[in-house]
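Q: Taking full-length UniProt numbering, the leading residue of the sequence shown gets 1, the next gets one more, and so forth. Just so you know, even glycine gets a beta-carbon here, dropped at the ideal spot from N, CA and C. The structure follows.
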Amino acid sequence: MVLEHPTWNPTGMLEVSSFSRRYPHYIETYLQACWQSVQSALKEYGVSCKLNVAEGTMTVSTTKKTRDPYIIVQKCPCSSGN
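Structure representation (structure tokens):
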């Protein structure tokens with residue numbers, strides 16, 4: 001599925017929002033191996049992500065360049081759209 005940038009928000013966000021989720025320890029090696037690809041894919045939509053290995057969390061945030069803030073809700077593991 002290819003997500004397109006909305007035309008109704010050409011200048012991006014005024015504020016940022018984020019969510020964090022803990023991940024199981026057993027997928028840590030996999031996440032570290034593919035994290036660069038994840039960051040690159042999300043950057044295309046103006047979304048940033050951080051992997052905190054010490055705490056075992058992933059954080060996804062909108063940025064000032066995000067044109068569709070709902071994109072992080074759509075991809076949130078807690079959303080009903082999964």
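1. Hey, quick one: how far does the beta strand (DSSP E) through V53 stretch, first residue to last?
2. For chain D, find out if any of its Cβ atoms is closer than 7 angstroms to the Cβ of S40; answer yes or no.
3. With a cut-off of 8 angstroms on the beta carbons, I'd call S17 and S61 a contact; round off their distance for me.
4. Measuring only the C-alpha atoms, how far is K43 from I27?
5. Distance check for C34 and T63, CA to CA, integer angstroms please.
6. Tell me, which residues are paired with C49 by DSSP?
7. Consult DSSP for S20 and reduce its assignment to one of helix, strand or coil.
8. Assuming M58 and Y23 make a contact with CB atoms under 8 angstroms, what is their CB distance in whole Å?
A: Taking the structure as given:
1. Neither: V53 is in no beta strand (DSSP E) and is coded neither H nor E.
2. Although the question refers to chain D, the structure presented lacks it and comprises just one protein chain.
3. Between S61 and S17 the Cβ distance is about 7 angstroms, and since that is below 8 angstroms, they are a contact.
4. So the alpha carbons of these two residues sit roughly 22 angstroms apart.
5. Each residue's alpha carbon lies about 22 angstroms from the other.
6. The partner list for C49 (beta bridge, DSSP) reads V60.
7. DSSP places S20 in the strand class (E or B) of the three-state scheme.
8. Going by Cβ atoms, the distance from M58 to Y23 rounds to 6 angstroms, so yes, they are a contact pair.
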